[in-house]
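Presented below is the structure to which this report refers.
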């Protein structure tokens, strides 16, 4: 752990090497300057302000019906979204109609929801934080 905090690139043990990803368990308690989050198909927008938790079973996504499991998936994203002190870069994969696991409409809806909640597209974002909070932005979680 000391190498992760104290070393710098090109040492692959350093925090800025990005050699491996971390789950919510591995990063719990960490505060990183900048974090990257690859958003999966397990937590997608449902309705105007709700979210749908899903689990990948066999070869298809299935809706999670148990409240405890839905809360677990939501809290996974809550942990992952709160690791960065300065910025979090969210990556939403492009949908592909030929791939049942990446529904284009669902992923486009996800990207649109994140933008409405205050995320900025990388082609529009600057390195400077926004001057003021968005007052009418919906709550993410």
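In the working numbering, the protein residues as written are 89 to 229. Built from N, CA and C at the ideal position, the CB exists for glycine as well.
- Per DSSP, the continuous alpha helix (DSSP H) segment holding residue 157 begins and ends at 155 to 169.
- Residue 99 sits in coil when the DSSP states are folded into three classes, being neither helix nor strand.
- If you look at residue 173, you'll find it in the beta strand (DSSP E) that goes 172 to 179.
- In the DSSP annotation of this structure, residue 188 is not part of any beta strand (DSSP E), being labelled neither H nor E.
- Judged by their CB atoms, residue 183 and residue 192 are nearer to each other than the 8 Å cut-off.
- DSSP links residue 133 through a beta bridge to 139.
- As far as DSSP is concerned, residue 152 takes part in no beta bridge.
- The shortest C-alpha to C-alpha distance from residue 176 to any of 133, 160, 202 is the one to 202.
- When C-alpha distances from residue 166 are compared across 189, 139, 101, 144, the shortest belongs to 139.
- Residue 102 places its beta carbon less than 8 Å from that of residue 91.
- With respect to the 8 Å criterion, residue 178 and residue 133 are not classified as neighbours on the basis of their beta carbons.
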